[in-house]
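K.L.:
Take this structure first; my questions come after.
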Amino acid sequence: MKQTKVRIHVNGSWVERETRPDRILLDFLREDLGLPGTKKGCEEGECGACTVLLNGMAVLSCLVPALKANGAEILTIEGLAERGQLHPIQQAFWEEGAVQCGYCTPGMILSAKALLDEHPEPATEEIKGAISGNLCRCTGYGRIVRAIEAASERMGKKKG
Amino acid sequence: MHLSGEFSHVLGVMSWKAYEKPNDLAEALKLLEQACGRGRVIAGGTDLMPQVRRGECHADLLVDITGIAALKGIKEEGGWIFIGACVTHAQVAVHPILQREAKALAEGCRKVGSPQIRNMGTLVGNVVTAQPAADGAIPLMALEAELGVASSRGERWVPLEDAYRGIGCSAIDATREIVTRVRFQRPGTHSGTGFFRMAKRKALALPILNGAVSIELVSSGKRVEKARIALGPVAERPFRSREAEARLESGDLSHEVLLAASRIASEEANPRTSDRGGAAYRKEMVRVQVFRLLEKVVKEAGEKG
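Those protein sequences? They're chains A and B, same order as listed.
Here this note's numbering = 1-based position in the first sequence + 1069.
Here this note's numbering = 1-based position in the second sequence + 35.
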């Protein structure tokens, strides 16, 4: 199959690759770019494990053709920590015990980031809505919601 | 080598051979024409990609229309509201024009799938996927919306009711035609719309039952000028309860009329038993939910203007 060039801004840097026209973004990130932080769950848009931010919006990378992301800005879980420092959301998930097996975690954190970028002080119901597309089989969601609340507080304090 | 839908996912690839993202509508139509039925429109892809993965779509070429400026945006003009084909459910859910003029549509779109699906999936795509209980299509049905369809033959308006051939089967041929926008008339002064949804979970759950209502009252508020009721999944396509509508439009408004209309809507509805719910339960819920929604919307319509 003829290869096509794709150029995507991933975690702060432009990457350019040749790829099959039917490559899916999830596999492009994991295999072609060596970024396995984005997880493969259901591959049919029902679990949220593959969530990344595309131009700041939470999307399911299992449903995005790589070529659809041409020219777009992608943020994966690998792009959150800066200079060895965890992002406040990652820190909060750690401290609140919101990570068990860890498989839902990258998707959860990115959905949380999309929320907090838009609504820095969300109500509990807004948090639940923001992660309603991310399934967790381990934690029962309670600590995840608390972690996002804690992150919101922490990030608020940082600004003010 | 063409990989079948069944095995291609194991190797991490889907199955089309070319992906184009044209800058304008004419170019998009030309690409489809040149592909002679082997090409297909992709907008958000949230329905199409699972279809491809299940082997239900064998297009060789995907024509991504999300780069076409003319297909974006929501606007009000000459008493009509226009929503571009690339407008996502997320955008519909928060748009001030829709929250003000067509609340049912904003509410319906807010319930589609999940936040991630709403960020990519489009309202028009929701209609073209042709499911009987599509949360965007149901309010559009109550609003008597029309699809603007572009093809090599030109442009035409297709009433939503004529856009269905069967479950999951649109009258729009996505291999040759492109829906550019959807339009509906701005409801009148003394009007209101509403949406309801019953589902097992608050997200990522297809509806047990959903519906939308659009009510326009005469200026005195004593009679219903126009009533539209859309329900799903109670038929092979989004269903209009025409007899219930007629009952509402005949005679003066009263509590009894709302009860009667809800009962008629329930009688008209023909839901199946599926893993989402039993037929008898759904039929009864039509009566309950339509009544509650009518009460609410009639009250709101009376308070307006």
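Even for Gly, the Cβ is constructed at its ideal location relative to N, Cα and C.
Measure from the C-beta of residue 154 of chain B to each C-beta in chain A and report whether the shortest distance is under 8 Å.
P.N.:
True, the Cβ-Cβ gap to chain A drops below 8 Å.
K.L.:
If contacts are defined as beta-carbon pairs under 8 Å, then residue 401 of chain B and residue 256 of chain B qualify, I think. What distance do you get, rounded to the angstrom?
P.N.:
Within the shown structure, residues of chain B are numbered from 36 to 340, placing residue 401 of chain B beyond reach of any answer.
K.L.:
Check whether the Cβ atoms of residue 74 of chain B and residue 66 of chain B sit closer than 8 Å, and answer yes or no.
P.N.:
Closer than 8 Å, so yes.
K.L.:
Give me the subset of the stretch 230-248 of chain B whose CB atoms are less than 8 Å from a CB atom of chain A, sorted by chain position.
P.N.:
Result list: 237, 238 and 239.
K.L.:
From the DSSP secondary-structure annotation, give me the bridge partner or partners of residue 220 of chain B.
P.N.:
Residue 220 of chain B is bridged to B:115.
K.L.:
By a C-beta neighbour count over all protein chains shown, 10 Å radius and 16 as the cutoff for buried, is residue 197 of chain B buried or exposed?
P.N.:
Classification for residue 197 of chain B: exposed.
K.L.:
Which word fits residue 334 of chain B, buried or exposed, when buried means at least 16 other C-beta atoms lie within 10 angstroms of its C-beta?
P.N.:
Answer is exposed; the Cβ neighbour count stays below 16.
K.L.:
Is any non-hydrogen atom of the ligand FMN found closer than 7 Å to the C-beta of residue 299 of chain B, if you look at the structure I gave you?
P.N.:
This structure does not include the ligand FMN; it has no bound ligands of any sort.
K.L.:
Three or more C-beta pairs under 8 Å: does that hold for the stretch 228-248 of chain B against the stretch 123-131 of chain B?
P.N.:
Because the criterion of three Cβ pairs below 8 Å is not met, the stretch 228-248 of chain B and the stretch 123-131 of chain B do not touch.
K.L.:
Verify whether the separation of the beta carbon atoms of residue 1232 of chain A and residue 1079 of chain A is less than 8 Å.
P.N.:
Nothing can be reported for residue 1232 of chain A, as the shown portion of chain A is limited to 1070 through 1229.
K.L.:
Can you give the beta carbon distance from residue 1075 of chain A to residue 155 of chain B, rounded, assuming they're within the 8 Å contact cut?
P.N.:
Incorrect: roughly 18 Å between the Cβ atoms, too far for contact.
K.L.:
Between residue 203 of chain B and residue 165 of chain B, what straight-line distance do the alpha-carbon atoms span, to the nearest angstrom?
P.N.:
So the alpha carbons of these two residues sit roughly 5 Å apart.
K.L.:
Which of helix, strand or coil does DSSP assign to residue 64 of chain B?
P.N.:
Looking at residue 64 of chain B - three-state DSSP - the assignment turns out to be helix.
K.L.:
Out of curiosity, what's the CA-to-CA distance linking residue 141 of chain B and residue 174 of chain B?
P.N.:
Approximately 9 Å between the Cα atoms of the pair.
K.L.:
Taking contact to mean 3 or more Cβ pairs, one atom from each stretch, closer than 8 Å, check whether the stretch 112-125 of chain B and the stretch 143-160 of chain B are in contact.
P.N.:
Yes, the stretch 112-125 of chain B is in contact with the stretch 143-160 of chain B.
K.L.:
Pull out every residue of the stretch 1083-1100 of chain A whose Cβ sits closer than 7 Å to any Cβ of chain B, in chain order.
P.N.:
Those would be 1089, 1090, 1091, 1092, 1093, 1096 and 1100, in chain order.
K.L.:
What do you get for residue 324 of chain B, buried or exposed, if any count of 16 or more other CB atoms within 10 angstroms of its CB means buried?
P.N.:
Counting Cβ neighbours within 10 Å, residue 324 of chain B comes out buried, since at least 16 surround it.
K.L.:
Consult DSSP for residue 1154 of chain A and reduce its assignment to one of helix, strand or coil.
P.N.:
In this structure, residue 1154 of chain A counts as strand in the three-state DSSP scheme.
K.L.:
Where do the ends of the alpha helix (DSSP H) carrying residue 231 of chain B lie?
P.N.:
That residue, residue 231 of chain B, is in no alpha helix (DSSP H); its beta strand (DSSP E) goes 226-233.
K.L.:
Name the DSSP beta bridge partners of residue 1163 of chain A, please?
P.N.:
For residue 1163 of chain A, which the question treats as bridged, DSSP gives no partner whatsoever.
K.L.:
Work out the CA separation of residue 1163 of chain A and residue 1209 of chain A for me, nearest whole Å.
P.N.:
Their backbone Cα atoms lie some 16 Å apart in a straight line.
K.L.:
Against chain B, with Cβ distances strictly below 8 Å, would residue 1126 of chain A count as a contact?
P.N.:
With 8 Å as the cut-off, residue 1126 of chain A counts as an interface residue toward chain B.
K.L.:
Applying the criterion that 16 or more other CB atoms from any shown protein chain within 10 Å of the CB defines a buried residue, is residue 254 of chain B buried or exposed?
P.N.:
Exposed is the call here.
K.L.:
Which of helix, strand or coil does DSSP assign to residue 38 of chain B?
P.N.:
Because the pLDDT at residue 38 of chain B is just 43, under 50, the model does not fix this residue reliably, and the value given afterwards should be weighed accordingly. Of the three classes helix, strand and coil, the one that applies to residue 38 of chain B here is coil, per DSSP.
K.L.:
What does residue 85 of chain B touch in chain A if you count any residue whose Cβ is under 8 Å from its own?
P.N.:
Result: 1113, 1114 and 1132.
K.L.:
Is there a Cβ of chain A sitting closer than 8 Å to that of residue 74 of chain B, yes or no?
P.N.:
By this cut-off, residue 74 of chain B is not an interface position.
K.L.:
Along chain A, in chain order, which residues have C-beta atoms closer than 7 Å to that of residue 99 of chain B?
P.N.:
Neighbours of residue 99 of chain B on chain A, chain order: 1137.
K.L.:
Any C-beta of chain B within less than 7 Å: which residues of the stretch 1200-1218 of chain A qualify?
P.N.:
Taking 7 Å as the Cβ-Cβ cut-off against chain B, the residues of the stretch 1200-1218 of chain A that qualify are 1201 and 1202.
K.L.:
Within 8 Å (strictly less), CB to CB, does residue 1117 of chain A reach chain B?
P.N.:
For residue 1117 of chain A, the answer is yes, since a Cβ of chain B falls inside 8 Å of its Cβ.
K.L.:
What residue does the beta strand (DSSP E) around residue 355 of chain B start on, and which one ends it?
P.N.:
Outside the displayed span of chain B (36 to 340) sits residue 355 of chain B, for which this structure offers no information.
K.L.:
Taking 8 Å as the CB-CB cut-off, is residue 1129 of chain A touching chain B?
P.N.:
Cβ-Cβ to chain B under 8 Å: yes for residue 1129 of chain A.
K.L.:
From which residue to which residue does the alpha helix (DSSP H) around residue 335 of chain B run?
P.N.:
Residues 314-338.
K.L.:
Hey, does residue 39 of chain B have any beta-carbon neighbour from chain A nearer than 8 Å?
P.N.:
Residue placement at residue 39 of chain B is poorly supported in this model, since its pLDDT is 43, which falls under 50; the coordinates still yield a value, given next. No, residue 39 of chain B does not count as interfacial toward chain A.
K.L.:
Curious, which full-length beta strand (DSSP E) runs of at least 3 residues does the stretch 150-225 of chain B contain?
P.N.:
Fully enclosed beta strand (DSSP E) runs of 3 or longer: 181-186, 189-194, 199-201 and 213-220.
K.L.:
Tell me which residue opens and which closes the alpha helix (DSSP H) that residue 99 of chain B is part of.
P.N.:
From DSSP, residue 99 of chain B is part of no alpha helix (DSSP H) but of the beta strand (DSSP E) over 96-99.
K.L.:
Spell out a yes or no on whether the stretch 178-189 of chain B and the stretch 211-219 of chain B are touching, meaning 3 or more CB-CB pairs, one atom from each, closer than 8 Å.
P.N.:
With the cut-off at 8 Å, the stretch 178-189 of chain B and the stretch 211-219 of chain B touch.
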